[in-house]
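Student:
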Amino acid sequence: MIYAVILSGGLGLRFWPKSRKNLPKQFLKVIGEKTMIENTVDRISNIIPNDRICIVTNNIYVDKINEILKIKSGNIFKEPLNKETASCIGLAAIKLLKRDFDATMVVLPSDHVIQAQEDFEKAIIKAIDVAQDGDNLVTFGITPTRPESGYGYIEIGDSVEEGVFKVKRFIEKPNIDVAASFLEKGNFLWNSGMFVWRADPRLTKVQW
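Numbered by the UniProt record's numbering, the letters in the sequence shown go through residues 1 to 208 in order.
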């Protein structure tokens, strides 16, 4: 089955002073009348039902999530330590495999602003198909509009099918000159931090 895994343990320090440790940006109403995490749940709920939407967070935000969202307690995964994204995804994979050995994970940050809902849904559905066909690990790239040193990048390789490419490499946040060269080359995308894969190959292909 398909599960959404929403990452919501971040402290939101880069959005300071609006975002603070006790109220990071995923719990702020940045656009509209809902918090960013509510918008994330709404965005994916047309594809994945509420009972298969899971939240990964740390202990200090569990009460806040219960206050804001109607998520059953068994779908809130608490990090034992405040670790990086890979560890959060690994925790979710382990939890999901215990209930469903065929689980496919749609991993989403809780603080994205995505207004093209129809395009988002099409991309997610396509990624699920690709992930389940041959146990592929799928990530999402965003066409850059400017040199940006605050984002990671993906260098794309050969085309697999329309809109789907092999990944040559991931590049952590480059300096502004390198980012400008990526923009000129045209085969680099911003790394969105969204992923789709089957939980089982995720654990076997990545070392923790």
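Note that CB positions come from ideal geometry on N, CA and C, so glycine has one too. Please read all numbers here as calculations on a predicted model, not as lab measurements.
1. Among residues of its own chain, excluding the 5 on either side of residue 136, which ones have a beta-carbon nearer than 8 Å to its beta-carbon?
2. Three-state secondary structure (DSSP) at residue 122?
3. Excluding sequence positions up to five away, which residues of its chain have a Cβ less than 8 Å from the Cβ of residue 185?
4. Could you say if the stretch 40-53 and the stretch 113-131 meet the contact criterion of at least three C-beta pairs nearer than 8 Å?
5. Among 158, 159, 153, which residue has its Cα nearest to the Cα of residue 179?
6. Which runs of the alpha helix (DSSP H) spanning at least 4 residues fall entirely within the stretch 32-111, listed in chain order?
7. Which same chain residues end up closer than 7 Å to residue 36 when comparing Cβ atoms and leaving out the 5 residues on each side of it in sequence?
8. Where does residue 172 fall in DSSP's three states?
Tutor: Straight from the coordinates:
1. Only 130, 197 meet the Cβ criterion.
2. Here residue 122 sits in helix by DSSP.
3. Excluding its 5 nearest sequence neighbours in each direction, residue 185 has no C-beta neighbour in its own chain below 8 Å.
4. Segments in contact, yes.
5. Per the Cα distances, 153.
6. Taking 4 residues as the minimum length, the alpha helix (DSSP H) runs contained wholly in the stretch 32-111 are 36-44, 62-68, 85-99, in order along the chain.
7. If we look at residue 36 and ignore the five residues flanking it on each side, its Cβ neighbours are 25, 26, 28, 30, 110, 111.
8. Note: residue 172 maps to coil in three-state DSSP.
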